[in-house]
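The block underneath contains the structure these notes are about, expressed in structure tokens.
Numbering (the numbering used here), first residue to last: 16 to 498.
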């Protein structure tokens, strides 16, 4: 029974963890239909910047509070004091952040957001404030997880999600054709949930406004996390800022829309691979040989299904987007969607490479992996965007995904040696990736590429059938027998 309860809790945390992405997808038709193309592009910048400020202000304290919670679990009084101090310290960080951004804001926002004469930095300030005040909520949700309270975690996050959606849509109807609804709506939702978080935290632990905490310990634990989150943010967001610097807000909006449209692929692949990760951990616990057997059979079969899903989505998305999106400027994203989708073809392979890092607790090495791969991505993205525009940015997303692979292999050599089947995993994936990426890039100047994408989809289905027929049949029989 406890195993079932743990599984349910894990599913709850996973599903709720996707709500930020879900809100972006749910609000996408409203953003694109109620705002001009340029305003939609700028909105994506402001929301992305909110996430960066949230990372900087929270500074990993939401992760550190979990360590403190368990470290002093045998001494309730000391645990209360430590966490109370931590909460109070987070308020000082908020105050310092407000002062910091108030001082550097005018010059920083003008240069980063390319604000022209007459354009106000008010939206940038409000977006920054939204990120600053969210740390109490992050700490609260972390405590819900560590207290093993998935129900409260679920409802608190769901309420926040509903507040964001409702206040944003309401604001867009009240203030049409402006960014007031999306920016102020998100700020109001965050303010409400932050007030609730503060009340809840105070009722649990109280708040001590004395800096009597282990700053060296916090720095040692949190700073690598913050660097990791910043690198993740850079990979996911920096291209929009580069585009705005070299091109226009309209170009950036088209590219951002293409990224948002393919988000479902990332959710799908992560959900599938993470759901079978426990099986991989069990195999790895037995022997590396058992792990590679699972990878070359089960994961290879999953990879086959993902290849069909990705090439199929590149065909279907341009057909269904006009049903929900009425801004014709954004239809220029169709060819970009094909390119960006091709990059996800290596996602399953990348997720498999991460498994030994997690199992052997070598996550510190991932910092080096992401540092070098992110640096390589930026060095590649800047010239590609400069010379090839948003099409270059789309190709750069492929580079961002494949650049992680050599670094993951390099930094795993000291504790694990991978052995993949060329026939059942490497060659089919590589072949499908090459023809998909090459086809998508070749037709990048043609937005009406349904026939080409249909031929590509049929080709991939044939490749998958010839390469994985027996493995898919075995996977189906295995799942059927387990039921």
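Using N, Cα and C, we set each Cβ at its ideal position, and we do this for glycine too.
Apart from the five residues on each side of it in sequence, which residues of its chain come closer than 8 Å, Cβ to Cβ, to residue 361?
Position 346 of the chain shown, counted from the start, is the residue given in the question as residue 361. Answer for residue 361: 416, 417, 420, 444, 448, listed in chain order.
Is residue 434 helix, strand or coil by DSSP?
Locating residue 434 in the chain shown gives position 419, where the first residue counts as 1. It is coil, neither helix nor strand.
Between which residues of its own chain and residue 150 is the CB-CB distance below 6 Å, once the five residues before and five after are set aside?
For the purposes of this step, residue 150 is taken as residue 135 along the chain shown, with counting starting at 1. Excluding sequence neighbours, residue 150 sits near 72, 73, 105.
What span of residues does the alpha helix (DSSP H) with residue 77 cover, start to end?
Taking the chain shown and counting its residues from 1, the one referred to as residue 77 is at position 62. Counting along the chain, the alpha helix (DSSP H) containing residue 77 begins and ends at 76-86.
I think residue 56 touches residue 265, with their Cβ atoms under 8 Å apart; what is that distance to the nearest whole Å?
Taking the first residue of the chain shown as position 1, residue 56 is located at position 41. Taking the first residue of the chain shown as position 1, residue 265 is located at position 250. Their Cβ separation, rounded to whole angstroms, is 6 Å, which keeps residue 56 and residue 265 in contact under 8 Å.
Residues near residue 379 in its chain [Cβ-Cβ closer than 8 Å; skip 5 each side]:
Walking along the chain shown from the start, residue 379 turns up at place 364. Taken in chain order, the residues that qualify are 239.
Close Cβ partners of residue 337 (< 8 Å) along its chain, the five nearest in sequence each way excluded:
In the chain shown, the residue the question calls residue 337 occupies position 322. Excluding residues within five positions, the ones whose Cβ falls inside 8 Å are 346.
For the region 318-328 against the region 270-282, do three or more pairs of beta-carbon atoms, one drawn from each stretch, fall closer than 8 Å, so that the two count as touching?
yes
Can you list, in chain order, the stretches of the alpha helix (DSSP H) that have 4 or more residues and sit fully within the region 161-245?
165-189, 195-220
Determine the DSSP secondary structure at residue 376, reduced to helix, strand or coil.
Residue mapping note: residue 376 aligns to position 361 of the chain shown, counting from 1. Note: residue 376 maps to coil in three-state DSSP.
Hey, out of 84, 201, 111, 52, whose CA is closest to residue 162's CA?
Stepping through the chain shown from its first residue, residue 162 is reached at position 147. Nearest of 84, 201, 111, 52 to residue 162, Cα basis: 84.
Return the first residue and the last residue of the alpha helix (DSSP H) that residue 266 is part of.
Counting from 1 along the chain shown, the entry for residue 266 is found at position 251. Residues 264-276.
When you compare each of 169, 192, 203 to residue 181 by their alpha carbons, which one comes out closest?
On the chain shown, position 166 is the one that residue 181 refers to. When only C-alpha atoms are compared, the closest one is 203.
From the DSSP output, in three-state form, read off residue 428 for me.
The count along the chain shown starts at 1 and reaches residue 428 at position 413. Three-state DSSP puts residue 428 in coil, outside helix and strand.
Might you give, ordered along the chain, the residues of its own chain that have their beta carbon closer than 7 Å to the beta carbon of residue 207, omitting 5 neighbours on each side?
Residue mapping note: residue 207 aligns to position 192 of the chain shown, counting from 1. Same-chain partners within the cutoff: 178.
For residue 129, three-class secondary structure by DSSP:
The count along the chain shown starts at 1 and reaches residue 129 at position 114. Here residue 129 sits in coil by DSSP.
When we look at the beta-carbon of residue 376 and count the other beta-carbons within 10 Å, is it buried (16 or more) or exposed?
Stepping through the chain shown from its first residue, residue 376 is reached at position 361. Exposed, because fewer than 16 other Cβ atoms sit within 10 Å of the Cβ of residue 376.
Beta-carbon spacing of residue 209, residue 244 below 7 Å
For the purposes of this step, residue 209 is identified with residue 194 of the chain shown, where counting begins at 1. For the purposes of this step, residue 244 is identified with residue 229 of the chain shown, where counting begins at 1. No, the Cβ-Cβ distance between residue 209 and residue 244 is not below 7 Å.
Length of the line joining the Cα atoms of residue 75 and residue 246:
Your numbering for residue 75 matches position 60 in the chain shown. Your numbering for residue 246 matches position 231 in the chain shown. Approximately 14 Å, taken between the alpha carbons.
Excluding the five sequence neighbours on either side, which residues of its own chain have a C-beta within less than 8 Å of the C-beta of residue 48, listed in chain order?
In the chain shown, counting from the first residue as 1, residue 48 sits at position 33. The answer, listed in chain order, is 340, 341, 342.
Quick check on residue 478: does DSSP put it in helix, strand or coil?
What you label residue 478 is simply residue 463 of the chain shown in a count that begins at 1. In the structure shown, residue 478 sits in a helix (DSSP, three-state: H, G or I).
Test item: CB-CB of residue 309 and residue 295 under 7 Å:
Position 294 of the chain shown, counting from 1, holds the residue named residue 309. Position 280 of the chain shown, counting from 1, holds the residue named residue 295. Yes. Within cutoff.
Cutoff 8 Å; reference residue 400; Cβ partners in own chain excluding five residues on either side
Along the chain shown, one-based indexing puts residue 400 at 385. Contacts found: 254, 257, 258, 261, 262, 407, 408, 411.
Through-space distance from residue 196 to residue 190, alpha-carbon basis
Numbered from 1 along the chain shown, position 175 holds the residue referred to as residue 190. Numbered from 1 along the chain shown, position 181 holds the residue referred to as residue 196. If you take the alpha carbons of residue 190 and residue 196, they lie about 6 Å apart.
Ignore the nearest five residues each way along the sequence and tell me which others in residue 270's own chain have a CB closer than 8 Å to its CB.
The residue you call residue 270 lines up with position 255 of the chain shown. Excluding sequence neighbours, residue 270 sits near 254, 255, 258, 348, 351, 405, 408, 409.
Around the C-beta of residue 137, are 16 or more other C-beta atoms found within 10 angstroms, so that it is buried, or is it exposed?
The count along the chain shown starts at 1 and reaches residue 137 at position 122. Exposed, by the Cβ-count rule.
Using the Cα positions of residue 22 and residue 60, report the straight-line distance between them to the nearest angstrom.
Your numbering for residue 22 matches position 7 in the chain shown. Your numbering for residue 60 matches position 45 in the chain shown. At residue 22, the pLDDT of 44 sits below 50, so the modelled position is not reliable; the number obtained from the coordinates is stated separately. One C-alpha to the other measures close to 36 Å.
Any 3 or more C-beta pairs closer than 8 Å across the region 106-125 and the region 165-179
no
For residue 484, three-class secondary structure by DSSP
Translated into the one-based positions of the chain shown, residue 484 becomes position 469. Correct three-state label for residue 484: helix.
Rank 393, 44, 46, 303 by C-alpha distance to the C-alpha of residue 370 and give the top, closest one.
Translated into the one-based positions of the chain shown, residue 370 becomes position 355. The shortest C-alpha separation from residue 370 is found at 303.
Among 129, 113, 122, 135, which has the Cα closest to the Cα of residue 144?
Here residue 144 corresponds to residue number 129 of the chain shown, with the count starting at 1. Of the listed residues, the one whose Cα sits closest to residue 144 is 113.
Does the Cβ of residue 92 have 16 or more other Cβ atoms within 10 Å, making it buried, or fewer, making it exposed?
Working through the chain shown from its first residue, we reach residue 92 at position 77. With fewer than 16 other Cβ atoms within 10 Å, it is exposed.
Could you tell me the distance, in whole angstroms, from the CA atom of residue 413 to the CA atom of residue 359?
Counting from 1 along the chain shown, the entry for residue 413 is found at position 398. Counting from 1 along the chain shown, the entry for residue 359 is found at position 344. Using only the alpha carbons, I get a separation of about 8 Å.
What are the start and end residues of the alpha helix (DSSP H) that includes residue 322?
Sequence index remark: in the chain shown, residue 322 carries index 307 (1-based). Residue 322 -> alpha helix (DSSP H) spans 315-339.
Spatial distance of residue 67 from residue 276 (CA atoms):
Sequence index remark: in the chain shown, residue 67 carries index 52 (1-based). Sequence index remark: in the chain shown, residue 276 carries index 261 (1-based). Residue 67 and residue 276: Cα-Cα distance of roughly 22 Å.
Just confirm the distance between the C-beta atoms of residue 479 and residue 319, as a whole number of angstroms; I'd bet it's less than 8 Å.
Translated into positions along the chain shown, residue 479 becomes position 464. Translated into positions along the chain shown, residue 319 becomes position 304. Going by Cβ atoms, the distance from residue 479 to residue 319 rounds to 5 Å, so yes, they are a contact pair.
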